[in-house]
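Numbered according to this note's numbering, the sequence shown spans residues 147 to 380. Note sheet for the following structure.
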Amino acid sequence: MNILYIYPHPDDESFGPAQVMSCQKRQGHEVHLLTLTRGGATKQRHTYGYSVEEMGRIRNREMFSVEKVLNLSSMTVLDLPDNGLKEMDPREIERIVERHIESVQPQVVVTYPVHGISGFHDHLITHAVVKRVYTGMNERCPWLRRLAFVTLGEEDALKSPHFRLSCSTPDEIDCIVTVEGCDVANNLKALDCYATFQDTIEKSGIRTMVGLQAVFEIFQENHTPPLTDLFQGL
147 MNILYIYPHP DDESFGPAQV MSCQKRQGHE VHLLTLTRGG ATKQRHTYGY SVEEMGRIRN
207 REMFSVEKVL NLSSMTVLDL PDNGLKEMDP REIERIVERH IESVQPQVVV TYPVHGISGF
267 HDHLITHAVV KRVYTGMNER CPWLRRLAFV TLGEEDALKS PHFRLSCSTP DEIDCIVTVE
327 GCDVANNLKA LDCYATFQDT IEKSGIRTMV GLQAVFEIFQ ENHTPPLTDL FQGL
């Protein structure tokens, strides 16, 4: 099976489902990552005195290490404006995302849920764009079967000491994926790859949130009990 993860920034995959990506690749699936920006606008750049462009180049290089740690089938990092997706014509972003989905031809696409977890506007725009593209392509692309949103359960949303995070209610969770310890270790290694972002990573408490299970909503599907695999039933 082919699965494509779409996120706006470097590190979104490692703050999100990196342990699941590791597990899926280990199980023999094709796991692809599309990142829309280089993440250069992060405030962390001021710590190092970097410009947006310099920080973007560095974070892009850090992602190559993540690609190796997670053994991704492919990784594409675009250079759309970090912290500026809201100023773009959404149709332009949709065309870019659609072209990439067509090139990968995944059965499953994964992105942020409607609340974006952190609520950051780049996350919200990415959710809206991917959902809009998926609903249009799903009607004409028989290989495109499912859209999923990696999310947090209520307990995990409370674990971050410095950030207010949104979560999904138990009845909204449609899939709970269980991974192995080696996948959790790979997620933590992926976080370590972001050397310039370690201060934010530590403040977020994400290391304590990476566990043996990850939860997902599935667009226009309702599964009780939740599925145990994002490819289940396809």
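All C-beta atoms, glycine included, are put in the ideal place defined by N, C-alpha and C. Computed from a predicted model, the values in this text were never measured in an experiment.
The C-beta distance from residue 148 to residue 288 rounds to 13 Å, too long to meet the 8 Å contact threshold.
Note on residue 249: under 16 other CB atoms within 10 angstroms of its CB, so exposed under the neighbour-count rule.
For residue 340, there is no enclosing alpha helix (DSSP H), as DSSP gives it neither H nor E.
Annotated three-state conformation of residue 148 is strand, per DSSP. Closest in C-alpha terms to residue 266, from the list 151, 212, 208, 155, comes 155. Residue 165 is positioned such that its CB atom lies closer than 8 Å to that of residue 360.
In the structure shown, residue 264 adopts coil according to DSSP, grouped into three states.
In this structure, residue 298 lies away from residue 268, with their beta-carbon atoms at least 8 Å apart. Pairing residue 150 with residue 378, the inter-Cα distance amounts to about 16 Å. Cα atoms of residue 218 and residue 195: separation of roughly 32 Å, rounded to the nearest angstrom. Scanning its chain for C-beta atoms nearer than 8 Å, with the 5 sequence neighbours on each side dropped, one finds around residue 209 the residues 156, 181, 221, 223, 339, in chain order.
The DSSP-derived three-state label of residue 184 is coil.
The way I'd put it, the segment 350-369 does touch the segment 312-324; three or more beta-carbon pairs between them come closer than 8 Å. Taking C-alpha positions only, residue 305 is separated from residue 247 by approximately 34 Å. Measuring C-alpha to C-alpha distances from residue 273 to each of 284, 215, 239, 214 identifies 239 as the nearest.
Taking 3 residues as the minimum length, the beta strand (DSSP E) runs contained wholly in the segment 322-372 are 359-364, in order along the chain. Contact check for residue 255 and residue 152: beta-carbon distance about 6 Å, within the 8 Å limit, so the pair qualifies. Rounded to whole angstroms, residue 171 and residue 213 show a C-alpha spacing of 12 Å. Per DSSP, the unbroken beta strand (DSSP E) holding residue 220 starts and ends at 220-226. Within the same chain, Cβ atoms closer than 7 Å to the Cβ of residue 187 are found at 198, 228, 229, the five residues on either side in sequence being excluded. A direct Cα-to-Cα measurement between residue 191 and residue 296 gives close to 27 Å. DSSP lists 361 as the beta-bridge partner residues of residue 297.
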